[in-house]
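Undergrad:
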Amino acid sequence: MIRGIIIGVLAVGVAGTAYWGYQEHREKNAILLNAENNYQRAFHDLTYEMDLLNDKIGTTLAMNSRHSLSPSLVEVWRLTSEAHSDVGQLPLTLLPFNKTEEFLAQIGKFSYQTAVRDLEKEPLSDEEYETLKVLYKQSGDIQSELRKVQHMVLENNLRWMDVELALASGKEQTDNTIIDGFKTVEKTVSGYDESDFGPSFTNMQMKDENFKKIKGKTISKKEATSIAKKYMKFDGTAEVKVTESGKGSDYGFYSVSIRNKDTGQEGSMDITKKAGFPIWFINYREVNEQKNSLNDANLKAAAFLKENGYKNLELFESTQYDNTGVFNFVTNENNIRIYPEAIKVEVALDNGNIIGFSAEEYLKSLNETREIEKPVLTSEQARAKVNPNFKVMEERQAIIVNDLNKEVLCYEFLGTIENDTYRIFINAVDGTEEEVEKLKNAEEVYNEVI
Amino acid sequence: MKKKIVKFTVPILISLCIMPFTFLETNKAFAFSNQVIQQGAVGDDVIELQSRLQYLGFYNKKIDGVFGWSTYWALRNFQYEFGLPIDGLAGTDTKAKLVKASKYNKQFVKEQINKGNKFTHYGGVDQKKQSAPQPKAPAAKEPAAKAPAAKAPAKPANPKPAAPNQEAPKATPNKPTAANTPGGFSSNDIQLMANAVYGEARGEPYTGQVAVAAVILNRVNSASFPNTVSGVIFEPGAFTAVADGQIWLTPNEQAKKAVLDAMNGIDPTGEALYYFNPATATSKWIWSRPQIKRIGKHIFCE
Numbered sequence: 017m018i019r020g021i022i023i024g025v026l027a028v029g030v031a032g033t034a035y036w037g038y039q040e041h042r043e044k045n046a047i048l049l050n051a052e053n054n055y056q057r058a059f060h061d062l063t064y065e066m067d068l069l070n071d072k073i074g075t076t077l078a079m080n081s082r083h084s085l086s087p088s089l090v091e092v093w094r095l096t097s098e099a100h101s102d103v104g105q106l107p108l109t110l111l112p113f114n115k116t117e118e119f120l121a122q123i124g125k126f127s128y129q130t131a132v133r134d135l136e137k138e139p140l141s142d143e144e145y146e147t148l149k150v151l152y153k154q155s156g157d158i159q160s161e162l163r164k165v166q167h168m169v170l171e172n173n174l175r176w177m178d179v180e181l182a183l184a185s186g187k188e189q190t191d192n193t194i195i196d197g198f199k200t201v202e203k204t205v206s207g208y209d210e211s212d213f214g215p216s217f218t219n220m221q222m223k224d225e226n227f228k229k230i231k232g233k234t235i236s237k238k239e240a241t242s243i244a245k246k247y248m249k250f251d252g253t254a255e256v257k258v259t260e261s262g263k264g265s266d267y268g269f270y271s272v273s274i275r276n277k278d279t280g281q282e283g284s285m286d287i288t289k290k291a292g293f294p295i296w297f298i299n300y301r302e303v304n305e306q307k308n309s310l311n312d313a314n315l316k317a318a319a320f321l322k323e324n325g326y327k328n329l330e331l332f333e334s335t336q337y338d339n340t341g342v343f344n345f346v347t348n349e350n351n352i353r354i355y356p357e358a359i360k361v362e363v364a365l366d367n368g369n370i371i372g373f374s375a376e377e378y379l380k381s382l383n384e385t386r387e388i389e390k391p392v393l394t395s396e397q398a399r400a401k402v403n404p405n406f407k408v409m410e411e412r413q414a415i416i417v418n419d420l421n422k423e424v425l426c427y428e429f430l431g432t433i434e435n436d437t438y439r440i441f442i443n444a445v446d447g448t449e450e451e452v453e454k455l456k457n458a459e460e461v462y463n464e465v466i
Numbered sequence: 027m028k029k030k031i032v033k034f035t036v037p038i039l040i041s042l043c044i045m046p047f048t049f050l051e052t053n054k055a056f057a058f059s060n061q062v063i064q065q066g067a068v069g070d071d072v073i074e075l076q077s078r079l080q081y082l083g084f085y086n087k088k089i090d091g092v093f094g095w096s097t098y099w100a101l102r103n104f105q106y107e108f109g110l111p112i113d114g115l116a117g118t119d120t121k122a123k124l125v126k127a128s129k130y131n132k133q134f135v136k137e138q139i140n141k142g143n144k145f146t147h148y149g150g151v152d153q154k155k156q157s158a159p160q161p162k163a164p165a166a167k168e169p170a171a172k173a174p175a176a177k178a179p180a181k182p183a184n185p186k187p188a189a190p191n192q193e194a195p196k197a198t199p200n201k202p203t204a205a206n207t208p209g210g211f212s213s214n215d216i217q218l219m220a221n222a223v224y225g226e227a228r229g230e231p232y233t234g235q236v237a238v239a240a241v242i243l244n245r246v247n248s249a250s251f252p253n254t255v256s257g258v259i260f261e262p263g264a265f266t267a268v269a270d271g272q273i274w275l276t277p278n279e280q281a282k283k284a285v286l287d288a289m290n291g292i293d294p295t296g297e298a299l300y301y302f303n304p305a306t307a308t309s310k311w312i313w314s315r316p317q318i319k320r321i322g323k324h325i326f327c328e
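Chains as they are written, first to last, in the numbering used here: chain A, 17 to 466; chain B, 27 to 328.
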């Protein structure tokens, strides 16, 4: 009797477990299929866009009229950005595929720069035409490689989930058609030289990655320590660790981390080896309740910069985040603001100490021998170029880095259209509207967010 | 005897003389703290500044306690109209003039903010008409939601037509209803990045957390990665915290602060695009990247 009941219960249990397991299995498969489908979509989109891209560059080459050239280049630009976003959705992070992505970004940049230009006034130069031809050929190569991969994927029913698993397990050497195919694409692109883009194509990054414009002799570790102590206000008893930057860095720097055992104060700082400029530092601690006003903190930040020998800086933006104030300073030379030379200083509003500092931008653009050209337009002429609805409140001259990565002298107009504030830069030489920036209003706090 | 009378009367006389002033002073005593209020500031003084400017019709946006551009222009207009030096700073003189020219009903304003009502603070309008209770439905996203009967009678010194376009504040008591965010980022971006930083590096030193946030931002700016914060974070396989779901842990304030530091330009990594934990890294390829430096447990590389 009891045996019968036990057997019955167990039988029901086994059946139940089997059913449950089957359900789980089905759900798991459904989810895997869903993820797989997303990958497949991104992949097929990518190949389709590379097809289109190649076609579009081809038609652009055949065009003669300036009127159709611009829209066509804009189309190329749009396609590259979509292809780029598709690559970002594929599980390729651990696979070196960045050359291809950079290639896409470069086509995008090239087509953008030529499309936004007034092609009536400044038509495509011979070099640019050559560049376009080269791009056409290269995009064709990538297209055919990707098509091969696509064909194999369709033919053999290959799954991206396997790629992800293969990459995650670190067994890349295992034979995986998709991975091999993408490696071939990458190899093809690596073969292209950047110089193919022609002399008119300015490098993607004009920024001086090596802090080349800084002059001065190389400092020792010991000097780096004393600089760090001076900036972060540590006394002699603090524990210091200095390490040199690794091989991967574009520029040489020392990393200094300091700890004061008595006070528990902790700071870290990177210092350029050349001339010993601090690139950034963090003097981290919990910031207590606000006791200083933002204005007091502003004065302290300005005094700190002056004390450490930074000249001609003026405050351009101040913001309070909870109990810290962040101040953005830019160089002001003869009443011309030089926006690329910006330093940010972070001040704790409880005791007014400097807790953060970043001068990377400043050091990259710092140029003491910069020659500032004379404006050709008068301020009235420049003012006539801005939107008539724009109510100018402040104006000054300023140097900014424009879309083409060049430093240009501009008239800066700060003002409003209805309730919004804008900053508009008009090139002081040729009157181009270089940049229009809508300035941020404070953001509403939603309950759900912290 | 006479001396005694003098003794008593003098203090009484003095106090009589002072009394009217003290009454005036009490009105002032509640006004503004000593600070010079500068653009970017947040807090009670800013709420008062905005309320007073609105009372006079210079400021017609939401009273949110954040000294943004609208407040800045309103203050400058006020300084212009009242013959003060136009510097956009609320210093002693400006504050004194402002207090003299306007009234500030602190209780009313505070109450409205705490209740999360839509309200305005114009002079010469019945206060009851200037507030509307928070609707039960979630706050309208469009700023077009108009506060009823909030039109202020045009004051002689009113340079702008008062056309209040308020957003409905939705706030918990004693918390600001608005916050500053770094240019180009929303507070939701900060939240998302704080999630990623917390999931990836919650055991790391503070600098290491800033470094992880900086890598995310470096990737956004890099040609070889997606161009948005969310694109970078959710790129398949990019972050282990995303793959194993740790990104959905609730981040602490420190992670949020690290994200703000990184957005404000501090990059402790020397422009790194990758990092890995040498103890747990499974991919051989990552070791082939040129390394820049080590922070905490992570090695950062190009």
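Even for Gly, the Cβ is constructed at its ideal location relative to N, Cα and C.
Please report the straight-line C-alpha distance between Ile259 (chain B) and Gly117 (chain B), rounded to a whole angstrom.
TA: Approximately 44 angstroms, taken between the alpha carbons.
Undergrad: Does the segment 411-421 of chain A come within contact of the segment 363-378 of chain A, defined as at least 3 CB pairs closer than 8 angstroms?
TA: Too few Cβ pairs lie closer than 8 angstroms, so no.
Undergrad: Taking just the CA atoms, how far does Asp312 (chain A) sit from Asn435 (chain A)?
TA: The straight-line gap from Cα to Cα measures roughly 29 angstroms.
Undergrad: Confirm, please, whether the CB-CB distance from Ile89 (chain B) to Ile73 (chain B) is below 8 angstroms.
TA: In this structure, Ile89 (chain B) lies closer than 8 angstroms to Ile73 (chain B) by Cβ.
Undergrad: Excluding five sequence neighbours on each side, which residues of the same chain lie with their C-beta closer than 6 angstroms to the C-beta of Ser381 (chain A)?
TA: These residues qualify, in order along the chain: Pro356, Glu357.
Undergrad: For the segment 300-314 of chain B against the segment 307-326 of chain A, do three or more pairs of beta-carbon atoms, one drawn from each stretch, fall closer than 8 angstroms, so that the two count as touching?
TA: As far as the Cβ criterion goes, the segment 300-314 of chain B does not touch the segment 307-326 of chain A, which means the pair count is below three.
Undergrad: Can you name, in chain order, every residue of its own chain whose Cβ lies under 8 angstroms from the Cβ of Lys401 (chain A), other than the five neighbours on each side?
TA: Within the same chain, Lys401 (chain A) has close Cβ partners Ile442, Gly447, Glu449.
Undergrad: Would Val342 (chain A) pass as an interface residue toward chain B - the criterion being a Cβ-Cβ separation below 8 angstroms?
TA: It does: the Cβ of Val342 (chain A) has a partner Cβ on chain B nearer than 8 angstroms.
Undergrad: May I have the straight-line CA-CA distance separating His324 (chain B) from Met219 (chain B), to the nearest angstrom?
TA: Whole-angstrom Cα-Cα distance: 18 angstroms.
Undergrad: Starting from Glu459 (chain A), follow its DSSP beta bridges and name the residues at the other end.
TA: Bridge partners of Glu459 (chain A): B:Ala205.
Undergrad: Anyone know if the C-beta pair for Ile359 (chain A) and Gly292 (chain A) falls short of 8 angstroms?
TA: No, Cβ-Cβ distance for Ile359 (chain A) and Gly292 (chain A) is not below 8 angstroms.
Undergrad: Roughly how many angstroms separate the alpha carbons of Asn80 (chain A) and Pro139 (chain A), rounded to a whole number?
TA: Asn80 (chain A) and Pro139 (chain A): Cα-Cα distance of roughly 11 angstroms.
Undergrad: Consult DSSP for Tyr438 (chain A) and reduce its assignment to one of helix, strand or coil.
TA: Here Tyr438 (chain A) sits in strand by DSSP.
Undergrad: Taking Met285 (chain A) as part of the alpha helix (DSSP H), name the residues at either end of that continuous run.
TA: Where Met285 (chain A) is concerned, there is no enclosing alpha helix (DSSP H), although the beta strand (DSSP E) it sits in stretches over 282-288.
Undergrad: Below 8 angstroms between beta carbons: does that hold for Ile73 (chain A) and Thr96 (chain A)?
TA: No, the pair does not count as a contact, with Cβ atoms beyond the cut-off.
Undergrad: For Gly232 (chain A) and His100 (chain A), what's the separation of their Cα atoms in angstroms?
TA: The straight-line gap from Cα to Cα measures roughly 41 angstroms.
Undergrad: Could you tell me if Met289 (chain B) is buried or exposed, where buried requires 16 or more neighbouring beta carbons within 10 angstroms of its beta carbon?
TA: Looking at its Cβ environment, which holds 16 or more other Cβ atoms inside 10 Å, Met289 (chain B) is buried.
Undergrad: Once DSSP output is grouped into helix, strand and coil, what is the label at Pro252 (chain B)?
TA: Note: Pro252 (chain B) maps to coil in three-state DSSP.
Undergrad: Which stretch, first to last residue, makes up the alpha helix (DSSP H) that contains Phe126 (chain A)?
TA: Per DSSP, Phe126 (chain A) belongs to the alpha helix (DSSP H) from 114-132.
Undergrad: Once the 5 residues before and after Gln397 (chain A) are set aside, which same chain residues still bring their CB inside 8 angstroms of it?
TA: Same-chain partners within the cutoff: Gly447.
Undergrad: What's the call for Ala189 (chain B), buried or exposed, on a 16-neighbour Cβ count within 10 Å?
TA: Unreliable positioning characterises Ala189 (chain B) in this predicted model, as indicated by a pLDDT of 37, which lies under 50. The coordinate reading is nonetheless provided below. So Ala189 (chain B) ends up on the exposed side.
Undergrad: According to the Cβ coordinates, are Glu260 (chain A) and Tyr270 (chain A) closer than 8 angstroms?
TA: Against a cut-off of 8 angstroms, the Cβ pair of Tyr270 (chain A) and Glu260 (chain A) comes out as a contact.
Undergrad: Counting only beta-carbon atoms, is Pro316 (chain B) nearer than 8 angstroms to chain C?
TA: The structure shown contains no chain C; its protein chains are A and B.
Undergrad: Following the continuous alpha helix (DSSP H) through Asn192 (chain A), name the residue where it begins and the one where it ends.
TA: It is not in any alpha helix (DSSP H) - Asn192 (chain A) carries neither H nor E in the DSSP assignment.
Undergrad: Which whole-angstrom value describes the C-beta separation of Leu331 (chain A) and Ala318 (chain A), a residue pair presumed to lie in contact below a C-beta threshold of 8 angstroms?
TA: Leu331 (chain A) to Ala318 (chain A), Cβ: 7 angstroms. Contact.
Undergrad: Do you know offhand how far Lys203 (chain A)'s Cα is from Ala131 (chain A)'s?
TA: Taking the straight line from one Cα to the other gives about 29 angstroms.
Undergrad: On the CB-based measure, 16 or more other CB atoms within 10 Å of its CB, does Glu279 (chain B) come out buried or exposed?
TA: Classification of Glu279 (chain B): exposed, given that the 10 Å Cβ count is below 16.
Undergrad: Note the first and the last residue of the continuous beta strand (DSSP E) segment covering Leu430 (chain A).
TA: 423-433 is the span of the beta strand (DSSP E), which, as asked, contains Leu430 (chain A).
Undergrad: How long is the line joining the alpha carbons of Gly104 (chain A) and Pro87 (chain A), rounded to whole angstroms?
TA: Those two C-alpha atoms are separated by around 26 angstroms.
Undergrad: Helix, strand or coil for Tyr378 (chain A) per DSSP?
TA: Three-state result, Tyr378 (chain A): helix.
Undergrad: Go ahead and pull the three-state DSSP assignment for Ile230 (chain A).
TA: Three-state DSSP puts Ile230 (chain A) in coil, outside helix and strand.
Undergrad: By the three-class DSSP mapping on this structure, what secondary structure does Thr76 (chain A) have?
TA: The answer is helix: DSSP assigns Thr76 (chain A) an H, G or I state.
Undergrad: At the level of alpha carbons, what is the spacing between Ala178 (chain B) and Tyr130 (chain B)?
TA: Note that Ala178 (chain B) has pLDDT 39, beneath the 50 cutoff, so the model's placement of it is unreliable and the number below is only indicative. Roughly 16 angstroms between the two C-alpha positions.
Undergrad: At the level of alpha carbons, what is the spacing between Gln192 (chain B) and Ile112 (chain B)?
TA: Confidence at Gln192 (chain B) is low in this model, with a pLDDT of 38, below 50, so the placement of that residue should be treated as unreliable; the coordinate-derived value is given next. Taking the straight line from one Cα to the other gives about 27 angstroms.
Undergrad: Under a Cβ-count criterion, where at least 16 other Cβ atoms within 10 Å of its own Cβ denotes burial, should Pro304 (chain B) be classed as buried or exposed?
TA: With fewer than 16 Cβ atoms within 10 Å of its Cβ, Pro304 (chain B) is classed as exposed.
Undergrad: By Cβ distance, which residues of its chain are closer than 7 angstroms to Val179 (chain A), with the 5 residues on each side in sequence left out?
TA: Counting only Cβ-Cβ distances below 7 angstroms, and skipping sequence neighbours, we find Pro107, Asn192, Ile194, Ile195.
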